[in-house]
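Asks: Sequential numbering of the sequence shown, starting at 308, is according to the numbering used here.
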Amino acid sequence: MISITVPIYNEEANIPQLHREITTTMERLGRPYEIILVNDGSTDRSGTMLDELAAADEHVQAIHFKRNFGQTAAMMAGFDHARGDIIVPMDGDLQNDPADIPLLLEQLDQGYDLCSGWRKDRKDPLLARRAVSRAANFLISRVSGVRLHDYGCSLKAYRRDIIENVKLYGEMHRFIPIYAGWEGARITEIPVNHRARVAGKSNYGLERTVKVLLDLMVVAFMDRFLGKPIYLFGGMGFINFFIAFLAVAVAVYFKLSGQKSLIETPLPLLAVMTFVTGTICILMGLLAEMLIRVYFQTHGKRIYVLREKRKE
308 MISITVPIYN
318 EEANIPQLHR
328 EITTTMERLG
338 RPYEIILVND
348 GSTDRSGTML
358 DELAAADEHV
368 QAIHFKRNFG
378 QTAAMMAGFD
388 HARGDIIVPM
398 DGDLQNDPAD
408 IPLLLEQLDQ
418 GYDLCSGWRK
428 DRKDPLLARR
438 AVSRAANFLI
448 SRVSGVRLHD
458 YGCSLKAYRR
468 DIIENVKLYG
478 EMHRFIPIYA
488 GWEGARITEI
498 PVNHRARVAG
508 KSNYGLERTV
518 KVLLDLMVVA
528 FMDRFLGKPI
538 YLFGGMGFIN
548 FFIAFLAVAV
558 AVYFKLSGQK
568 SLIETPLPLL
578 AVMTFVTGTI
588 CILMGLLAEM
598 LIRVYFQTHG
608 KRIYVLREKR
618 KE
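(1) Of the choices PRO314, LEU594 and ALA554, whose alpha-carbon is the least far from that of MET383?
(2) Using the beta-carbon count (16 or more within 10 Å), is LEU372 buried or exposed?
(3) My understanding is that ARG504 touches GLN402, with C-beta atoms under 8 angstroms, so please give their C-beta distance in whole angstroms.
(4) Identify the residues that DSSP records as bridge partners of TYR465: which are they?
(5) With a threshold of 16 other CB atoms inside 10 Å of the CB of GLN378, please say whether the residue is buried or exposed.
(6) Can you round the beta-carbon distance between ASN500 and ASP407 to whole angstroms, since I take them to be within the 8 angstroms contact cut?
(7) Would you kindly report the start and end of the unbroken alpha helix (DSSP H) that includes ILE483?
(8) Exposed or buried, which one is ALA551 when buried takes at least 16 other CB atoms within 10 Å?
(9) If we ignore side chains and look at the alpha-carbon of each, how far apart do VAL579 and ALA443 end up?
(10) Under 8 angstroms, do TYR465 and ILE447 count as touching if we go by C-beta distance?
(11) I'd like to know if the stretch 466-485 and the stretch 334-342 are in contact, where contact means that at least 3 CB-CB pairs between them fall below 8 angstroms.
(12) What runs of the alpha helix (DSSP H), each 4 residues or longer, lie entirely inside the stretch 531-589?
(13) Per DSSP, what are the beta-bridge partners of ALA369 in this structure?
(14) Going by alpha carbons, who is nearest to GLY391 out of GLY565, CYS588, ILE470 and GLY418?
(15) With H, G and I counted as helix, E and B as strand and the rest as coil, what does DSSP make of ASN403?
(16) By the DSSP assignment, the alpha helix (DSSP H) with VAL450 in it spans what residues?
(17) Is SER349 helix, strand or coil by DSSP?
(18) Counting pairs of beta carbons, one from the stretch 559-568 and one from the stretch 516-524, are three or more of them closer than 8 angstroms?
(19) In chain order, what residues of the same chain lie with their CB nearer than 7 angstroms to the CB of HIS388, ignoring the 5 residues before and after it?
(20) Is VAL313 helix, strand or coil when you go by DSSP?
(21) With a CB to CB cut of under 8 angstroms and the five nearest residues on each side skipped, what residues in its chain are close to LEU325?
(22) So is TYR419 buried or exposed if we call it buried at 16+ other beta carbons inside 10 Å?
(23) Using DSSP bridges, identify the partner residues of PRO498.
(24) Alpha carbon to alpha carbon, what distance is there between THR330 and THR495?
(25) Are the beta-carbon atoms belonging to ILE309 and CYS422 less than 8 angstroms from one another?
(26) Is the Cβ-Cβ distance between PHE532 and GLY585 less than 8 angstroms?
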(Lines of atoms letter the chains of each structure in order from A and count residues from 1; the text may use other names and numbers.)
(Lines give C-alpha, C1' and ligand atoms only; values in the text may rest on other atoms or scores of the structure.)
Protein backbone atom coordinates (compact mmCIF):
# COMPACT_ATOMS: atom_id res chain seq x y z
CA MET A 1 0.00 0.00 0.00
CA ILE A 2 1.06 3.57 -0.68
CA SER A 3 0.39 6.18 2.02
CA ILE A 4 0.14 9.81 0.93
CA THR A 5 0.50 12.09 3.95
CA VAL A 6 -0.42 15.78 3.77
CA PRO A 7 -0.08 18.37 6.56
CA ILE A 8 -2.93 20.89 6.37
CA TYR A 9 -2.97 24.34 7.94
CA ASN A 10 -5.66 26.80 6.83
CA GLU A 11 -5.94 25.41 3.30
CA GLU A 12 -9.73 25.32 2.91
CA ALA A 13 -9.52 26.79 -0.61
CA ASN A 14 -7.09 24.09 -1.78
CA ILE A 15 -8.41 20.93 -0.11
CA PRO A 16 -11.09 19.90 -2.67
CA GLN A 17 -8.74 20.18 -5.65
CA LEU A 18 -5.92 18.52 -3.72
CA HIS A 19 -8.14 15.53 -2.96
CA ARG A 20 -9.33 15.30 -6.57
CA GLU A 21 -5.82 15.37 -7.99
CA ILE A 22 -4.42 12.80 -5.57
CA THR A 23 -7.40 10.50 -6.13
CA THR A 24 -7.16 10.80 -9.93
CA THR A 25 -3.44 10.04 -9.89
CA MET A 26 -3.73 7.04 -7.59
CA GLU A 27 -6.73 5.58 -9.41
CA ARG A 28 -4.78 5.72 -12.68
CA LEU A 29 -1.82 4.11 -10.99
CA GLY A 30 -3.98 1.19 -9.91
CA ARG A 31 -2.16 0.45 -6.66
CA PRO A 32 -3.69 0.29 -3.15
CA TYR A 33 -3.43 3.62 -1.39
CA GLU A 34 -4.55 5.76 1.51
CA ILE A 35 -4.56 9.53 1.99
CA ILE A 36 -3.73 10.80 5.47
CA LEU A 37 -4.67 14.45 5.96
CA VAL A 38 -3.30 15.98 9.16
CA ASN A 39 -5.08 19.10 10.37
CA ASP A 40 -2.36 21.11 12.10
CA GLY A 41 -4.69 23.21 14.26
CA SER A 42 -6.34 25.09 11.38
CA THR A 43 -8.53 28.06 12.29
CA ASP A 44 -10.62 28.06 9.08
CA ARG A 45 -12.97 25.36 7.74
CA SER A 46 -10.13 22.96 6.89
CA GLY A 47 -10.96 20.61 9.78
CA THR A 48 -14.60 20.33 8.82
CA MET A 49 -13.72 19.72 5.19
CA LEU A 50 -11.29 16.96 6.12
CA ASP A 51 -13.97 15.21 8.16
CA GLU A 52 -16.35 15.42 5.19
CA LEU A 53 -13.75 13.88 2.90
CA ALA A 54 -13.02 11.09 5.39
CA ALA A 55 -16.74 10.30 5.60
CA ALA A 56 -17.19 10.27 1.82
CA ASP A 57 -13.96 8.52 0.75
CA GLU A 58 -12.80 5.27 2.33
CA HIS A 59 -9.22 6.05 1.29
CA VAL A 60 -9.06 9.23 3.38
CA GLN A 61 -8.06 9.39 7.03
CA ALA A 62 -8.34 12.73 8.86
CA ILE A 63 -6.19 13.51 11.90
CA HIS A 64 -6.72 16.66 13.98
CA PHE A 65 -4.26 18.37 16.31
CA LYS A 66 -5.56 20.30 19.32
CA ARG A 67 -3.46 23.30 18.23
CA ASN A 68 -0.86 24.27 15.67
CA PHE A 69 2.32 22.25 16.23
CA GLY A 70 4.06 22.97 12.92
CA GLN A 71 4.82 21.13 9.71
CA THR A 72 7.35 18.73 11.20
CA ALA A 73 4.91 17.50 13.86
CA ALA A 74 2.14 17.13 11.27
CA MET A 75 4.44 15.15 8.99
CA MET A 76 5.51 12.94 11.89
CA ALA A 77 1.86 12.25 12.74
CA GLY A 78 1.28 11.22 9.13
CA PHE A 79 4.20 8.79 9.30
CA ASP A 80 3.00 7.37 12.61
CA HIS A 81 -0.49 6.63 11.27
CA ALA A 82 0.54 5.43 7.79
CA ARG A 83 -0.06 1.77 7.03
CA GLY A 84 1.66 1.59 3.65
CA ASP A 85 5.02 0.07 2.76
CA ILE A 86 5.76 3.28 0.85
CA ILE A 87 5.10 6.74 2.29
CA VAL A 88 4.77 9.84 0.11
CA PRO A 89 4.54 13.17 1.97
CA MET A 90 3.54 16.35 0.16
CA ASP A 91 2.37 19.89 0.90
CA GLY A 92 -1.30 20.83 1.06
CA ASP A 93 -1.01 24.12 -0.84
CA LEU A 94 -1.18 22.55 -4.36
CA GLN A 95 2.35 23.68 -5.19
CA ASN A 96 3.41 20.03 -5.27
CA ASP A 97 1.85 18.20 -8.21
CA PRO A 98 0.29 14.81 -7.31
CA ALA A 99 0.87 13.75 -10.93
CA ASP A 100 4.56 13.40 -10.04
CA ILE A 101 3.90 10.62 -7.51
CA PRO A 102 4.23 7.81 -10.11
CA LEU A 103 7.62 9.20 -11.14
CA LEU A 104 8.87 8.94 -7.56
CA LEU A 105 7.50 5.42 -7.22
CA GLU A 106 9.29 4.35 -10.40
CA GLN A 107 12.61 5.18 -8.77
CA LEU A 108 11.74 3.06 -5.74
CA ASP A 109 10.77 0.21 -8.07
CA GLN A 110 14.28 0.45 -9.52
CA GLY A 111 15.81 -0.29 -6.13
CA TYR A 112 16.14 3.07 -4.41
CA ASP A 113 14.97 3.50 -0.83
CA LEU A 114 14.25 7.22 -1.05
CA CYS A 115 13.41 9.45 -4.00
CA SER A 116 13.42 13.19 -3.37
CA GLY A 117 11.67 15.77 -5.52
CA TRP A 118 13.67 18.65 -6.96
CA ARG A 119 11.71 21.84 -7.70
CA LYS A 120 14.02 22.71 -10.56
CA ASP A 121 11.75 25.42 -11.93
CA ARG A 122 10.52 26.82 -8.66
CA LYS A 123 7.57 29.24 -8.69
CA ASP A 124 8.49 31.34 -5.67
CA PRO A 125 9.94 34.86 -5.17
CA LEU A 126 13.63 34.92 -6.13
CA LEU A 127 15.18 36.76 -3.19
CA ALA A 128 12.77 35.82 -0.41
CA ARG A 129 12.66 32.09 -1.14
CA ARG A 130 14.73 30.75 -4.04
CA ALA A 131 18.07 32.44 -3.36
CA VAL A 132 17.95 31.62 0.34
CA SER A 133 16.89 28.05 -0.44
CA ARG A 134 19.77 27.50 -2.85
CA ALA A 135 22.29 28.71 -0.30
CA ALA A 136 20.74 26.53 2.41
CA ASN A 137 20.67 23.44 0.17
CA PHE A 138 24.32 23.93 -0.75
CA LEU A 139 25.29 24.27 2.89
CA ILE A 140 23.25 21.25 4.01
CA SER A 141 24.70 19.10 1.22
CA ARG A 142 28.26 20.07 2.12
CA VAL A 143 27.79 19.54 5.85
CA SER A 144 25.84 16.27 5.62
CA GLY A 145 27.54 14.67 2.62
CA VAL A 146 24.11 13.80 1.14
CA ARG A 147 24.05 15.84 -2.06
CA LEU A 148 20.56 17.00 -2.98
CA HIS A 149 19.46 20.11 -4.86
CA ASP A 150 16.28 20.63 -2.87
CA TYR A 151 16.00 19.52 0.75
CA GLY A 152 12.97 21.76 1.23
CA CYS A 153 10.73 19.94 -1.25
CA SER A 154 8.15 18.00 0.76
CA LEU A 155 7.29 15.72 -2.17
CA LYS A 156 9.36 12.59 -1.61
CA ALA A 157 8.85 8.83 -1.54
CA TYR A 158 10.23 6.66 1.25
CA ARG A 159 10.32 2.97 1.92
CA ARG A 160 8.74 2.47 5.31
CA ASP A 161 11.67 0.62 6.86
CA ILE A 162 13.94 3.60 6.19
CA ILE A 163 11.96 6.08 8.28
CA GLU A 164 10.00 3.98 10.76
CA ASN A 165 12.58 4.65 13.49
CA VAL A 166 13.05 8.33 12.64
CA LYS A 167 11.76 10.81 15.21
CA LEU A 168 11.44 14.42 14.09
CA TYR A 169 11.72 17.63 16.09
CA GLY A 170 11.96 21.35 15.29
CA GLU A 171 12.19 21.80 11.52
CA MET A 172 13.88 18.44 11.08
CA HIS A 173 11.52 17.08 8.41
CA ARG A 174 13.73 18.50 5.67
CA PHE A 175 16.68 16.47 7.00
CA ILE A 176 15.02 13.06 6.62
CA PRO A 177 17.29 12.16 3.65
CA ILE A 178 20.27 12.64 5.98
CA TYR A 179 18.75 10.32 8.59
CA ALA A 180 18.03 7.82 5.82
CA GLY A 181 21.62 8.10 4.64
CA TRP A 182 22.78 7.16 8.15
CA GLU A 183 20.68 4.01 7.81
CA GLY A 184 22.42 3.15 4.53
CA ALA A 185 19.52 4.14 2.28
CA ARG A 186 20.01 4.38 -1.47
CA ILE A 187 18.92 7.92 -2.33
CA THR A 188 18.10 9.56 -5.64
CA GLU A 189 16.53 12.81 -6.79
CA ILE A 190 14.36 13.72 -9.78
CA PRO A 191 12.94 17.04 -11.06
CA VAL A 192 9.27 17.54 -10.22
CA ASN A 193 6.69 20.10 -11.23
CA HIS A 194 6.28 23.08 -8.94
CA ARG A 195 3.26 25.32 -9.19
CA ALA A 196 2.61 28.84 -7.97
CA ARG A 197 0.25 29.19 -5.02
CA VAL A 198 -3.17 30.29 -6.28
CA ALA A 199 -5.13 30.28 -3.02
CA GLY A 200 -4.46 30.64 0.66
CA LYS A 201 -1.49 32.25 2.38
CA SER A 202 2.06 30.97 2.63
CA ASN A 203 3.12 30.03 6.15
CA TYR A 204 6.83 30.33 5.41
CA GLY A 205 9.06 33.26 6.37
CA LEU A 206 12.71 34.17 6.48
CA GLU A 207 12.79 33.37 10.20
CA ARG A 208 12.54 29.71 9.23
CA THR A 209 15.99 29.98 7.66
CA VAL A 210 17.48 30.68 11.09
CA LYS A 211 15.70 27.64 12.52
CA VAL A 212 16.99 25.48 9.68
CA LEU A 213 20.58 26.61 10.31
CA LEU A 214 20.27 25.80 14.01
CA ASP A 215 18.77 22.40 13.23
CA LEU A 216 21.62 21.81 10.79
CA MET A 217 24.07 22.30 13.65
CA VAL A 218 22.23 19.57 15.56
CA VAL A 219 22.33 17.25 12.55
CA ALA A 220 26.04 17.89 12.02
CA PHE A 221 26.72 17.09 15.68
CA MET A 222 24.67 13.88 15.54
CA ASP A 223 26.40 12.83 12.33
CA ARG A 224 29.95 13.29 13.59
CA PHE A 225 29.81 12.96 17.36
CA LEU A 226 26.68 11.08 18.42
CA GLY A 227 28.63 7.92 19.15
CA LYS A 228 31.62 9.69 20.69
CA PRO A 229 30.73 13.18 22.03
CA ILE A 230 33.96 13.32 24.07
CA TYR A 231 35.82 13.96 20.80
CA LEU A 232 33.99 17.29 20.40
CA PHE A 233 33.88 18.43 24.01
CA GLY A 234 37.32 17.05 24.78
CA GLY A 235 38.79 18.76 21.75
CA MET A 236 37.32 22.08 22.83
CA GLY A 237 38.63 21.45 26.34
CA PHE A 238 42.19 20.87 25.15
CA ILE A 239 42.06 23.99 22.98
CA ASN A 240 41.11 26.00 26.08
CA PHE A 241 43.86 24.33 28.11
CA PHE A 242 46.39 25.26 25.42
CA ILE A 243 45.22 28.88 25.46
CA ALA A 244 45.47 28.90 29.27
CA PHE A 245 49.01 27.49 29.14
CA LEU A 246 50.01 30.02 26.49
CA ALA A 247 48.56 32.91 28.51
CA VAL A 248 50.46 31.80 31.63
CA ALA A 249 53.69 31.41 29.65
CA VAL A 250 53.44 34.89 28.15
CA ALA A 251 52.51 36.43 31.49
CA VAL A 252 55.51 34.79 33.19
CA TYR A 253 57.77 35.92 30.33
CA PHE A 254 56.60 39.54 30.74
CA LYS A 255 57.17 39.27 34.50
CA LEU A 256 60.68 37.78 34.30
CA SER A 257 61.77 40.14 31.54
CA GLY A 258 60.66 43.11 33.58
CA GLN A 259 58.24 44.39 30.90
CA LYS A 260 54.97 44.08 32.84
CA SER A 261 53.85 42.72 36.18
CA LEU A 262 51.13 40.10 36.39
CA ILE A 263 48.53 42.65 37.48
CA GLU A 264 49.21 44.90 34.47
CA THR A 265 47.93 42.44 31.87
CA PRO A 266 44.68 40.50 31.46
CA LEU A 267 46.66 37.32 30.78
CA PRO A 268 46.23 35.77 34.27
CA LEU A 269 42.47 36.32 34.06
CA LEU A 270 42.43 34.84 30.55
CA ALA A 271 44.37 31.82 31.81
CA VAL A 272 41.92 31.21 34.64
CA MET A 273 38.86 31.63 32.41
CA THR A 274 40.14 29.29 29.67
CA PHE A 275 41.31 26.69 32.21
CA VAL A 276 37.89 26.65 33.87
CA THR A 277 36.18 26.53 30.46
CA GLY A 278 38.40 23.63 29.38
CA THR A 279 37.61 21.73 32.57
CA ILE A 280 33.88 22.26 32.05
CA CYS A 281 34.15 21.03 28.46
CA ILE A 282 35.92 17.85 29.55
CA LEU A 283 33.33 17.19 32.24
CA MET A 284 30.48 17.83 29.76
CA GLY A 285 32.10 15.37 27.38
CA LEU A 286 32.26 12.69 30.05
CA LEU A 287 28.64 13.34 31.02
CA ALA A 288 27.60 13.15 27.36
CA GLU A 289 29.45 9.82 27.03
CA MET A 290 27.47 8.38 29.93
CA LEU A 291 24.18 9.66 28.50
CA ILE A 292 24.93 8.21 25.08
CA ARG A 293 25.66 4.81 26.59
CA VAL A 294 22.39 4.93 28.54
CA TYR A 295 20.56 5.93 25.35
CA PHE A 296 21.94 3.06 23.28
CA GLN A 297 21.41 0.46 26.01
CA THR A 298 17.90 1.45 27.10
CA HIS A 299 16.62 1.80 23.52
CA GLY A 300 18.32 -1.34 22.26
CA LYS A 301 20.21 0.73 19.69
CA ARG A 302 23.17 -0.67 17.79
CA ILE A 303 26.11 1.31 16.47
CA TYR A 304 25.79 -0.44 13.09
CA VAL A 305 23.06 -1.14 10.52
CA LEU A 306 22.71 -4.48 8.68
CA ARG A 307 21.48 -4.58 5.10
CA GLU A 308 21.14 -8.36 4.96
CA LYS A 309 22.50 -11.62 6.37
CA ARG A 310 23.35 -14.49 4.04
CA LYS A 311 23.62 -17.40 6.46
CA GLU A 312 22.90 -18.11 10.11
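Think of the CB as a built atom: it goes at the ideal place given N, C-alpha and C, for glycine as much as any other residue. Just so we're clear, the structure is a prediction, and the values are computed from it rather than from any experiment.
Replies: Let's see:
(1) Considering only PRO314, LEU594 and ALA554, the residue with the shortest C-alpha distance to MET383 is PRO314.
(2) One detail in the question is off: residue 372 reads as Phe in this sequence, not Leu. Burial state of PHE372 is buried, judged by a 10 Å Cβ sphere holding 16 or more other Cβ atoms.
(3) At roughly 6 angstroms, the Cβ-Cβ gap stays under 8 angstroms, so ARG504 and GLN402 are in contact.
(4) In the DSSP output, where bridge partners are listed per residue, TYR465 has ILE394 and LEU421.
(5) Burial of GLN378 is indicated by the presence of at least 16 other C-beta atoms within 10 angstroms of its C-beta.
(6) Correct: roughly 6 angstroms between the Cβ atoms.
(7) Unbroken alpha helix (DSSP H) run through ILE483: 483-489.
(8) By the neighbour-count criterion, in which 16 or more other beta carbons inside 10 Å mark a residue as buried, ALA551 falls on the buried side.
(9) The straight-line gap separating the alpha-carbon atoms of VAL579 and ALA443 is approximately 39 angstroms.
(10) Not in contact: TYR465 and ILE447 (Cβ atoms no closer than 8 angstroms).
(11) Counting Cβ pairs under 8 angstroms, fewer than three are found: no touch.
(12) Entirely contained in the stretch 531-589, the alpha helix (DSSP H) runs reaching 4 residues are, in chain order, 537-563.
(13) Its beta-bridge partners are LEU344.
(14) Answer by Cα proximity: ILE470.
(15) Three-state result, ASN403: strand.
(16) First-last of the alpha helix (DSSP H) with VAL450: 439-451.
(17) Reduced to three states, the DSSP call for SER349 is coil.
(18) No, the stretch 559-568 is not in contact with the stretch 516-524.
(19) Setting aside the 5 residues that flank it on each side, HIS388 is surrounded in the same chain by ILE343, GLN368 and ILE370, each with a C-beta closer than 7 angstroms to its C-beta; the list follows chain order.
(20) In this structure, DSSP gives VAL313 an extended state, which the three-state scheme calls strand.
(21) Excluding sequence neighbours, LEU325 sits near VAL313, GLU318, GLY399, LEU401 and PRO405.
(22) By the neighbour-count rule (16 or more Cβ atoms within 10 Å), TYR419 is buried.
(23) In the DSSP output, where bridge partners are listed per residue, PRO498 has TRP425.
(24) The alpha-carbon atoms of THR495 and THR330 are separated by roughly 26 angstroms.
(25) Using a Cβ distance threshold of 8 angstroms, ILE309 and CYS422 do not count as a contacting pair.
(26) Cβ atoms of PHE532 and GLY585: not closer than 8 angstroms.
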